[in-house]
Amino acid sequence: MPARTTIKDHWGEQRLFEQRVLLAAAVLAVLFAVLVGRLVWLQILEHDYYTELSQGNRIRIEPLPAPRGTIYDRHGNILAENRPAYQLELVREQVPDLEGTLAKLVEAGLLAAEDLDDTRRLVNSRRPFEPVPIRLRLTDEDIARFAVRRFEFQGVDIATRLARYYPEGEIAVHALGHVGAISEGDLERIDRAAYAGTSMIGKLGVEAAYEDALHGRNGSREVLVNARGRSVERVGPLAPRLGSVAPLAGRELLLSIDLPVQRVAEKAVWDQRAAVVAIDPSNGDIIALVSRPGFDPNGFARGLTRSEFVALNTDIDRPLFNRALRGVYPPGSTIKPLVALAGLTYGVATPRDAVACRGYFMLPGSSHRFRDWKPRGHGSLAMVQAIAQSCDVYFYGLAARLGPDRLAEFLGHFGLGRPTGIDIGGEKSGLLPSPAWKRQAFARKQDQVWFPGETVIFGIGQGFMLATPLQLAHMAAIIGARGSTFAPRLVTAIRDPVTRKVEPVPPKPLQTVSVASPEHWQVAIDGMLAVMQGGTATRSAQGAPYRIAGKTGTAQVFTVGQSEKYDEKAIDERLRDHAWFVAFAPAEDPKIAVAVLVENGRSGSGTAAPIARRVMDAYLLRKFDDAASAAAPGALGGGE
Amino acid sequence: MSYGRLAGATGRTFSAGASLLSTLRLDGPLLVGLALIALYGQFVLYSASGQDWGAVVRGTTRIAIGAVTMLVLAQLRPGFLRRLAPWLFAAGVVLLLIVDLIGYIGKGAQRWLDLGLFRFQPSEIMKLAVPMTCAWWLHERPLPPDLRTLAVAAVIILVPAGLTIVQPDLGTGMLIIAAGGLVLLLAGLSARGIALLALAAAGAAAIGWNFLHEYQRKRVLMLLDPQSDPLGAGYHIIQSTIAIGSGGVFGKGWLKGSQGQLEFLPERSTDFVFAVVAEELGLVGAIVLLLLYLFVVARSLYLSMQMGDTFSRLLSGSIALTFFVYVFINAGMVSGLLPVVGVPLPLVSYGGTSMVTVLASFGILMSLYSHRKLVST
Chain H
2 MPARTTIKDH
12 WGEQRLFEQR
22 VLLAAAVLAV
32 LFAVLVGRLV
42 WLQILEHDYY
52 TELSQGNRIR
62 IEPLPAPRGT
72 IYDRHGNILA
82 ENRPAYQLEL
92 VREQVPDLEG
102 TLAKLVEAGL
112 LAAEDLDDTR
122 RLVNSRRPFE
132 PVPIRLRLTD
142 EDIARFAVRR
152 FEFQGVDIAT
162 RLARYYPEGE
172 IAVHALGHVG
182 AISEGDLERI
192 DRAAYAGTSM
202 IGKLGVEAAY
212 EDALHGRNGS
222 REVLVNARGR
232 SVERVGPLAP
242 RLGSVAPLAG
252 RELLLSIDLP
262 VQRVAEKAVW
272 DQRAAVVAID
282 PSNGDIIALV
292 SRPGFDPNGF
302 ARGLTRSEFV
312 ALNTDIDRPL
322 FNRALRGVYP
332 PGSTIKPLVA
342 LAGLTYGVAT
352 PRDAVACRGY
362 FMLPGSSHRF
372 RDWKPRGHGS
382 LAMVQAIAQS
392 CDVYFYGLAA
402 RLGPDRLAEF
412 LGHFGLGRPT
422 GIDIGGEKSG
432 LLPSPAWKRQ
442 AFARKQDQVW
452 FPGETVIFGI
462 GQGFMLATPL
472 QLAHMAAIIG
482 ARGSTFAPRL
492 VTAIRDPVTR
502 KVEPVPPKPL
512 QTVSVASPEH
522 WQVAIDGMLA
532 VMQGGTATRS
542 AQGAPYRIAG
552 KTGTAQVFTV
562 GQSEKYDEKA
572 IDERLRDHAW
582 FVAFAPAEDP
592 KIAVAVLVEN
602 GRSGSGTAAP
612 IARRVMDAYL
622 LRKFDDAASA
632 AAPGALGGGE
Chain S
12 MSYGRLAGAT
22 GRTFSAGASL
32 LSTLRLDGPL
42 LVGLALIALY
52 GQFVLYSASG
62 QDWGAVVRGT
72 TRIAIGAVTM
82 LVLAQLRPGF
92 LRRLAPWLFA
102 AGVVLLLIVD
112 LIGYIGKGAQ
122 RWLDLGLFRF
132 QPSEIMKLAV
142 PMTCAWWLHE
152 RPLPPDLRTL
162 AVAAVIILVP
172 AGLTIVQPDL
182 GTGMLIIAAG
192 GLVLLLAGLS
202 ARGIALLALA
212 AAGAAAIGWN
222 FLHEYQRKRV
232 LMLLDPQSDP
242 LGAGYHIIQS
252 TIAIGSGGVF
262 GKGWLKGSQG
272 QLEFLPERST
282 DFVFAVVAEE
292 LGLVGAIVLL
302 LLYLFVVARS
312 LYLSMQMGDT
322 FSRLLSGSIA
332 LTFFVYVFIN
342 AGMVSGLLPV
352 VGVPLPLVSY
362 GGTSMVTVLA
372 SFGILMSLYS
382 HRKLVST
């Protein structure tokens, strides 16, 4: 034993330890009493309450879904709201025979046989004892049919829920998006607990992009259900205390969409394959965003059957396809004002230098003729007139002097070849070709070569270049605002549904486009004004009390889908050129910039420009001439 | 020392069985108490696992492994255990550092060390190594301990506890602190010392709160108001109080608890097995189980008082009280008195390494007791 132990007081330490053990034993006895006391409290004093909860009646925690936020246009018109609807719900644990019950529901006409697989998956992906909606939007007849045979469907019941409703139907559907049943993919992204009781989630457009704000926070309440899974009530001394947490309604969105203008734009292209985008150049607000054909979002909110969905999805006109954001087309002549600006900025052209147009252009040392749209040529033209007459030869030469790299870089400043940054998802970038792009885009060596001829046609927006209608509206807005740039946006403010407090979403300025001299903007704008006064789109400006700056364009169609090859008439129509028109007005202080694309519309001036005019009239003059809209489709045709 | 002699005398003379036990260096009453709890546990486990014989077989296998471990440890001499303590502690700290480092690199919770054949949780070692090392440290020092001695003991406790809490495993970290703290209390820590430590613990808890993971904070807050999140973390507590309360005095009967059998009750065979006991066997069944635990603790404390040296006394006392702490925390958590921290019910909860470590600690206790004559006083 070490020496130190000698100073230890063994007897004293033994006694100290024994004291401590006794102390510990006392504390232990108290804790033991607390435990037993708790058990006595739960198992004797509260026994009846908990028995009630657990045995004859089971407590079920029922989620209370938060009402989804309402969506308004800029004038306060409702674009999306919630309405009560009846739905069929199933609690897996309370169904004795799932397959048998589902089969009987199909037999009773309450469930489509083709949806059975989806229903099974949905039922198996939920928490225990959570009601799963298996059929939405019951009609009165459905409810009656169910009521008669209710006893056969143990564990299935009718519930009232708020369902999404779009009072405008197809109007603005490609901007709004829609809600749809939560898919398995969605389930992996979202917090399942937060979505307990929610059956719908934003799928596209504003509904998807602002899902978090719109969804709100679900509440919950405890309900009693009897052994057969039905909700029951208890009164008297045995009535259990049921807790609840109130849901928090989703926030309201105020959109920049101007519903009357949107309607005019929709109706102007109703029966065509077309897109219209109108933007306020001073802040990027989207006034109208149209893609036709559209579809009724209420179908998705109600729940489409598989065959309804297949029909929409395989329609030859592709109604589900958002042409405004995702349709990419060669921009054609609409980019000529930009090419002119590029020439001025890089000093390879002046406003005064005239070019003699004989109807074709040849590169030095080559005999290939790049033809003008006007076979005999325009004669001698300076820049403004070249834009006004849309002279191809002028821009062939200008593009050749600029070279593809400078051209691509300059066009890039205007949001071409990249996403515009609109506040909803899914937009395409389009394509700005360049020698560098070509090297990495193609696998085969011989495809990677950039030919001088490709630079030439780049100058008139043909070749590889692609742009979306949204991008061209954005581009027109930038020209109109003389270089100041905002990301296009749909949501301008978010409002709390309870406090009514409005939280504005500030406009999102982007990098301002700079040119060598501010006067250069005026040259390009003068060219676009001349388009409307003696130029290609003169007719569409007639009688306008404000000055329009515009530019027509056509995009060549090269290929036809295979499924279309047997319909002679359809081939003919679908081989026609796409018609473009971009514009802004009033020219001196633009309030609106518009891009119109009509697939196979043939002529920018004949087809697209009148549509843009109606949209501008509606916005600037508040002129909503229904008779004119009705007559609109007849205006198709006529050449340049 | 009078009762020590008496107990020793009874142990040696009564029967052949007793003499076999004393040869094996086991304590008869303690062994019977542990065996009854384990048996009771397997009986409940069959029901709680949804009548899965496989679970019972695996549970029994763990008991067997634990029993062998206990038997082996009971043969070791206390002097050897005492000299082993600091080395075990050092090895444990190194392993904890390695685990934390792997967790840090892997950017996730890390409690395990994968040894290929089996996975192993270094923090489990610490539940024993910390009280052993505290007892070792205090062994040769006069008691009650002075401030300097206490400061070193605090480091011995807080370093491994901290390393465990950052894993993050709050439950085990708190148990390590409890195991070490109990040694200090038994060593005669003064009232002022207790107040000082309590103050330090409160400070550490306040700072620690900021380092807690969101889910851990949620669990503590949930205790205050389980209804606030009935679909999420509150679900456990709501369902287990319903199970206990609906059990009543005599219970719904073995295999007949609707909460457990219909899977309303989460983790019914592991952390929440006590709710199954209370639901199916009632207040009576729950109190019988608690009394068995109480007997084991009381017997262990009694044995600890027979021991002649500081190391043995402190360590065995700590083992006994820590065992009770486990029981109290688990039963308290299941019945809604304490937050859900994930502490298993010793000798009953299915799974994990707890069965083996608990029996190992009693093996050490028996070694300390059965070798007490060899330690000079």
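Going line by line, the protein sequences match chains H and S.
Going by my numbering, the letters in the first sequence line up with residues 2 to 641, in that order.
Going by my numbering, the letters in the second sequence line up with residues 12 to 388, in that order.
Here a beta-carbon is modelled for each residue, glycine too, at the ideal position from N, C-alpha and C.
Keep in mind that this is a model prediction, so the values were computed, not measured.
query                                                                                                                              : result
Nearest to residue 364 of chain S (by Cα), restricted to the options S/140, S/265, S/70                                            : S/70
Delimiting residues of the alpha helix (DSSP H) encompassing residue 189 of chain H                                                : 185 to 190
Coil, strand or helix - residue 552 of chain H by DSSP                                                                             : strand
One or two residues paired with residue 490 of chain H in a DSSP bridge                                                            : H/286
Outcome for residue 333 of chain S when other beta-carbon atoms lying within 10 angstroms are tallied against a minimum of 16      : buried
Interface partners of residue 183 of chain H on chain S, CB under 7 Å                                                              : Residues of chain S passing the Cβ test: none, with the nearest at roughly 16 Å.
Within chain H, the residues that residue 308 of chain S reaches when beta carbons sit closer than 8 Å                             : 29
Anticipated Cβ contact below 8 Å, residue 496 of chain H with residue 137 of chain H, distance rounded                             : The Cβ separation is near 27 Å, so there is no contact.
Simplified DSSP state of residue 515 of chain H, which is helix, strand or coil                                                    : coil
Stretch-stretch touch, CB-based, cutoff 8 Å, three pairs: the region 82 to 91 of chain H with the region 163 to 182 of chain H     : yes
6 Å Cβ shell around residue 346 of chain S - same chain, five flanking residues per side excluded                                  : 255
Contacting positions in the region 184 to 204 of chain H - beta carbon closer than 8 Å to chain S                                  : 194, 197
Euclidean distance between Cα positions of residue 216 of chain S and residue 42 of chain H                                        : 31 Å
Any chain H beta carbon closer than 7 Å to residue 386 of chain S                                                                  : Any reading at residue 386 of chain S needs caution, since the residue's pLDDT is 46, under 50, leaving its predicted position unreliable; the model's value is listed next. No, residue 386 of chain S lies away from the interface with chain H (no Cβ there is under 7 Å from its Cβ).
Buried versus exposed, by CB contacts within 10 Å (16 or more), residue 341 of chain S                                             : buried
Interface positions of the region 136 to 157 of chain S facing chain H (Cβ-Cβ less than 8 Å), listed along the chain               : 151, 152, 153, 154, 155
Buried versus exposed call for residue 337 of chain H [16 or more other C-beta atoms within 10 Å across all chains shown]          : buried
Local conformation of residue 358 of chain H per DSSP, three classes                                                               : strand
Residues of the region 336 to 356 of chain S with Cβ closer than 7 Å to any Cβ of chain H, in chain order                          : 339, 342, 343, 346, 348
Presumed contact (8 Å Cβ cut-off) between residue 250 of chain S and residue 276 of chain S, rounded CB distance                   : 5 Å
Chain H contact for residue 269 of chain S (CB, 7 Å cutoff)                                                                        : yes
Alpha carbon of residue 361 of chain S to alpha carbon of residue 60 of chain S, nearest angstrom                                  : 9 Å
Chain H contact for residue 257 of chain S (CB, 7 Å cutoff)                                                                        : yes
Inter-residue spacing [alpha-carbon to alpha-carbon] between residue 302 of chain H and residue 140 of chain H                     : 15 Å
Close-in-space but distant-in-sequence residues of the same chain around residue 405 of chain H (CB under 8 Å, 5 per side omitted) : 434, 435, 436, 451, 455, 456, 459
Contact set for residue 97 of chain H: own chain, Cβ-Cβ below 8 Å, skip 5 residues either direction                                : 155, 156
Short Cβ contact (7 Å threshold) for residue 419 of chain H with residue 430 of chain H                                            : yes
Buried versus exposed call for residue 560 of chain H [16 or more other C-beta atoms within 10 Å across all chains shown]          : Low local confidence applies: a pLDDT of 45 at residue 560 of chain H is under 50, so the model's placement there is unreliable, and no value is given.
Nearest to residue 359 of chain S (by Cα), restricted to the options S/351, S/348, S/337                                           : S/337
C-alpha distance - residue 487 of chain H paired with residue 134 of chain H, whole-angstrom precision                             : 43 Å
Between the CA atoms of residue 67 of chain S and residue 103 of chain H - distance to the nearest angstrom                        : 38 Å
For residue 151 of chain H, the three-state DSSP class (helix, strand or coil)                                                     : helix
Same chain, Cβ closer than 6 Å to residue 40 of chain S, five either side skipped, listed in chain order                           : 310
6 Å Cβ shell around residue 140 of chain S - same chain, five flanking residues per side excluded                                  : 99, 100, 103
Residues near residue 303 of chain S by beta carbon distance below 8 Å, same chain, minus five either side                         : 44, 47, 48, 51
CA-to-CA distance, residue 177 of chain S to residue 222 of chain S, given in whole angstroms                                      : 8 Å
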